[in-house]
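Novice:
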Amino acid sequence: MTATTTGTLRLGTRASQLATTQSQAVADAITAASGVPVQLVHISTEGDRSSVAIAQLGGTGVFVAAIRQALLEGTVDVAVHSYKDLPTLPEPGLTIAAVPPREDPRDALVARDGLTLGELPPGSRVGTGAPRRVAQLRALGLGLEVVPIRGNVDTRMNRVVPGDLDAVVLARAGLTRLGRLSAITETLDPLQVLPAPAQGALAVECRGDDERTRQLLAALDDAGTRACVVAERTTLAALEAGCSAPVAAYAELAEGEDGPELFLRASVTAVDGSDGVRGSITGPPAEAERLGRELAAELLDRGAAELMAASR
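Each residue of the sequence shown is one higher than the one before, starting from 1 at the first, in UniProt numbering.
#1: Here's the rule: buried if 16 or more other CB atoms are within 10 angstroms of the residue's CB, otherwise exposed. What is residue 131?
#2: Would you kindly report the start and end of the unbroken beta strand (DSSP E) that includes residue 280?
#3: Counting pairs of beta carbons, one from the region 288–307 and one from the region 261–270, are three or more of them closer than 8 Å?
#4: What three-state label does DSSP hand residue 56 in the structure shown?
#5: Apply the 10 Å Cβ neighbour rule to residue 107 and answer buried if 16 or more other Cβ atoms are within range, or exposed otherwise.
#6: For residue 223, count neighbouring C-beta atoms within 10 Å of its own C-beta (all shown protein chains included) and say buried if the count is 16 or more, exposed if not.
#7: Count the CB pairs spanning the region 67–87 and the region 192–204 that are closer than 8 Å, and state whether there are at least three.
#8: Measuring only the C-alpha atoms, how far is residue 169 from residue 110?
#9: What span of residues does the alpha helix (DSSP H) with residue 30 cover, start to end?
#10: Pull the bridge partners of residue 167 from the DSSP assignment, please.
#11: Go ahead and label residue 44 buried or exposed: buried means 16 or more other beta carbons lie within 10 angstroms of its beta carbon, across all protein chains shown.
#12: Buried or exposed for residue 268, going by 16 or more other Cβ atoms inside 10 Å?
#13: Could you check if residue 12 is buried or exposed, using at least 16 other CB atoms within 10 Å of its CB as the buried criterion?
#14: Using only the alpha-carbon positions, how far apart do residue 283 and residue 164 sit?
#15: DSSP three-state label for residue 44, please.
#16: Counting only the same chain and skipping the five closest in sequence on each side, list residues whose C-beta sits under 7 Å from that of residue 133.
#17: In terms of residues, what are the limits of the beta strand (DSSP E) holding residue 185?
#18: Quick check: what's the CA-CA separation for residue 308 versus residue 296?
#19: Quick check on the DSSP output: the alpha helix (DSSP H) that includes residue 289 runs from which residue to which?
#20: Taking C-alpha atoms, which residue in 285, 231, 25, 275 lies nearest to residue 302?
#21: Spatial neighbours of residue 105 within its chain, please: CB distance less than 6 Å, with the 5 preceding and 5 following residues excluded, ordered by chain position.
#22: Smallest Cα separation from residue 185: which of 115, 225, 92?
#23: State the CB to CB distance for the pair residue 146 and residue 128, rounded to an integer number of angstroms; the pair is presumed to be in contact (CB under 8 Å).
#24: So, at 8 Å on beta carbons, what are the nonlocal neighbours of residue 37 in its own chain, with the 5 sequence-adjacent residues on each side left out?
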């Protein structure tokens with residue numbers, strides 16, 4: 001059966017609570033905009049089945065390959081991904097038909113006793129699974145012990161006292177979508193910890209030749225979010241770095257003298273926190289790709305490639 005013959009769209013998603021919450025929100029938005037019913041189809045990915053660190057699995061694509069395969073085979077009609085999990089290269093035969101408005105892309109601290117990052121005493125054990133966060137936390141010079149962790153949001157949060165960690169760092173967007181904002185003890189300033197490219201954004205994907213579904217999804221697309229994400233991910237791609245590399249990028253839209261402007265910041269940090277490069281660039285949202293490429297070129301000129309090589 002296809003969506004064309006039944007009217008119902010089948011939406012492929014990982015089975016975790018966060019993934020299904022995100023996917024259900026997209027499904028509800030599709031139905032609200034078009035009246036078309038949507039059925040969630042749970043798909044197990046390599047990243048879900050393994051407890052190995054993401055970097056050891058190969059990093060890029062471990063949470064999306066199986067879902068994309070189901071989409072290409074016609075088992076599902078739509079896929080919803082956390083955009084930051086996607087490889088930077090496009091997938092032949094598929095298109096990102098919508099990028100809905102994203103949640104706050106900043107990182108968040110969940111710490112014992114309501115502590116902030118600066119209040120954690122030296123030697124405190126802070127858990128995170130992202131090399132980007134590991135690198136930036138170490139670069140702050142706070143004397144923290146950064147511990148690699150895996151698992152869903154609740155599994156990570158449960159490792160804070162009375163668990164074996166003093167704090168964990170998570171994406172604020174995930175906590176927002178799960179209704180867990182009250183657990184946050186500090187939302188981290190991007191000046192301290194710059195977010196991952198596309199953090200907080202969703203990518204809604206379908207087959208490139210499925211015109212009906214593309215038209216249905218177009219109503220969900222947010223031009224501002226798409227421009228920011230394109231700028232951030234173009235930076236990542238131009239650096240030739242995967243989603244497990246210690247690369248951060250964050251774009252914001254603001255009103256300039258001649259209309260909307262896109263302000264893009266990016267950084268590459270050695271995993272041990274000993275060195276790093278940061279840069280920024282501003283320009284029209286319509287030139288998001290150019291801005292991403294130019295900022296990446298600047299970072300490469302200042303030694304970003306050597307920092308990434310040393311982190312592998």
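Glycine included, every Cβ here is placed at the ideal spot set by N, Cα and C.
Specialist: For this structure:
#1: Buried, by the Cβ-count rule.
#2: It spans 276–283 - the beta strand (DSSP E) in which residue 280 sits, taken as one unbroken run.
#3: Segment contact: the region 288–307 against the region 261–270, three or more CB-CB distances shorter than 8 Å; contact assigned.
#4: Any answer about residue 56 is weak, because its pLDDT of 47 lies below 50 and its placement is not dependable; what the coordinates show is given next. Here residue 56 carries a helix assignment [DSSP, helix/strand/coil].
#5: Residue 107 is buried by the Cβ-count criterion.
#6: By the Cβ neighbour-count rule, residue 223 is exposed, with fewer than 16 other Cβ atoms within 10 Å of its own.
#7: Segments in contact, yes.
#8: Distance between the alpha carbons of residue 169 and residue 110 is about 6 Å.
#9: Residue 30 -> alpha helix (DSSP H) spans 17–34.
#10: Note: residue 167 sits in a beta bridge opposite 111, 126.
#11: With fewer than 16 other Cβ atoms within 10 Å, it is exposed.
#12: Result: buried.
#13: Buried is the call here.
#14: Rounded to the nearest angstrom, the two C-alpha atoms are 45 Å apart.
#15: Note: residue 44 maps to coil in three-state DSSP.
#16: When the five nearest sequence neighbours on each side are left out, the beta carbons in the same chain lying within less than 7 Å of the beta carbon of residue 133 are those of 107, 169, 193, in order along the chain.
#17: No beta strand (DSSP E) holds residue 185; DSSP gives it neither H nor E.
#18: Per the coordinates, the alpha-carbon of residue 308 lies some 13 Å from the alpha-carbon of residue 296.
#19: 288–301 is the span of the alpha helix (DSSP H), which, as asked, contains residue 289.
#20: Residue 275 is the option with its Cα nearest to residue 302.
#21: The residues are 195, 199, 200.
#22: The shortest C-alpha separation from residue 185 is found at 115.
#23: Contact between residue 146 and residue 128 holds, since their C-beta atoms are separated by about 7 Å, short of 8 Å.
#24: Closer than 8 Å at the Cβ level, and outside the excluded window around residue 37, lie 7, 8, 9, 31.
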